[in-house]
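Under my numbering, the first residue of the sequence shown carries the number 35, and numbering increases by one thereafter.
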Amino acid sequence: MSEIAVLTRPEGNNHALAQRLSAAGWQVRDWPALVLATQSCEPDQLPRPQAYDLAVFVSGNAARHYLAQLRAAGVTAWPSSCVVGTVGPGSAAAVRATGWFDGATLVHPGPTAPSHDSEALWDALRQRGPLPRRVLIVRGTQGRDWLAEQLRGAGVEVLPHAAYLRAPAQWGDAEMAQLRAWRDQDARPAWLLTSGEGIAAVRANVVRAGVLPWWRGCRFLVTHPALATRMVSEEGIAQHAISVHVSDNDALFEAFVAA
């Protein structure tokens, strides 16, 4: 049996990685753990980028949903005065692909950075010189506050803004049957998990399929050490079954091949 990869990032985020894995002989399942929807926001309540020195997008999805809010409010261009920050080259590429930021300065950790997360972006921002005075952090309705806390501690005015909602995806009968078939075949897929909410949503589907003990014996790739800690402490996964990797597609492909 060929190797199996289960990609649980939101819809639209897995295509490039799935293609590379399939070409390398893997069976790939694109099963998003979360369903995303743009958060409604009245135009007069929507923070505008021209009021900020830096806008941080925690993911490509954050950028896409914020731009949808801006378009709904009649905004059609990004001001060059507002620098754009992302947590890594993958999210930076997703931001550039929107076509909104050709005249903007983008700041992000490079491909050789030890991690692609808030900590790495914080390092990149400090290396640029003086910190911005006003920062907009665009994310979902929930998210880590670590970067906002560091910026505020340095005297920066910070506004977190929810651009999208995340809800657990409920997998269908076909996915339930596939999970049970893998259990019966003693197949051990490698799972890509990228958020605490995603882990909880995947677990809920696994429980619904009645295969939780089997799932705990699979292999897992996560994109932050905190997720590995959670998998061990809350999900009962063996430490040796979990590996932590940066979140760009090239690194994740290599991680799957090495898993």
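Virtual Cβ for every residue (Gly too), placed ideally from N, Cα, C. As the structure is a prediction and not an experimental result, all values here were calculated from the model.
Taking the Cα of D282 as reference, the smallest distance to any Cα among G59, A52, Q219 and L170 is reached at A52. Here the C-alpha atom of L165 lies approximately 36 Å from the C-alpha atom of P66. For R43, no alpha helix (DSSP H) encloses it, and the DSSP letter there is neither H nor E. Secondary structure at W205: coil, using DSSP grouped into helix, strand and coil. Listed in chain order, the beta strand (DSSP E) runs fully inside the region 114 to 158 are 117 to 120, counting runs of at least 3 residues.
Every alpha helix (DSSP H) of 4 residues or more that sits fully in the region 226 to 277 is shown, in chain order, as 230 to 243, 246 to 249 and 259 to 267. Contact between L181 and S152 holds: their C-beta atoms lie close to 4 Å from each other, under 8 Å. Between E191 and R160, the C-beta spacing is not below 8 Å. In the DSSP assignment, D284 falls within the unbroken alpha helix (DSSP H) covering N283 to A292. Cβ-Cβ separation between G174 and Y198: approximately 5 Å, consistent with a contact (criterion under 8 Å). In this structure, the beta-carbon distance from V117 to T139 falls below 8 Å. Cβ-Cβ separation between V266 and T42: approximately 18 Å, too far for a contact (criterion under 8 Å).
DSSP places Q79 outside any alpha helix (DSSP H), giving it a letter other than H or E.
Taking a 10 Å sphere around the C-beta of P148, we find fewer than 16 other C-beta atoms and assign the residue as exposed. Counting every other CB atom within 10 Å of its CB across the protein chains shown gives P259 a total below 16, marking it as exposed. The region 118 to 126 makes no contact with the region 218 to 230, as fewer than three CB pairs between them are under 8 Å.
L261 places its beta carbon less than 8 Å from that of L227. According to the DSSP secondary-structure assignment, A71 is paired through a beta bridge with L199. Under the three-state reduction of DSSP, A106 is assigned to helix. Under the three-state reduction of DSSP, G94 is assigned to helix.
Straight across, the Cα-Cα distance linking E183 with R217 is about 43 Å. As DSSP reads the structure, E191 sits in a beta bridge with R168. In the structure shown, R186 adopts helical secondary structure according to DSSP, grouped into three states. With respect to the C-alpha of G59, the residue from E37, G244, L68 and E76 having the closest C-alpha is E37. Counting along the chain, the unbroken beta strand (DSSP E) around R63 starts and ends at Q61 to D64. In the three-state DSSP reduction, R222 falls in the coil class, being neither helix nor strand. Using a 10 angstroms sphere on the CB of V40, the tally of other CB atoms reaches 16 or more, which defines it as buried.
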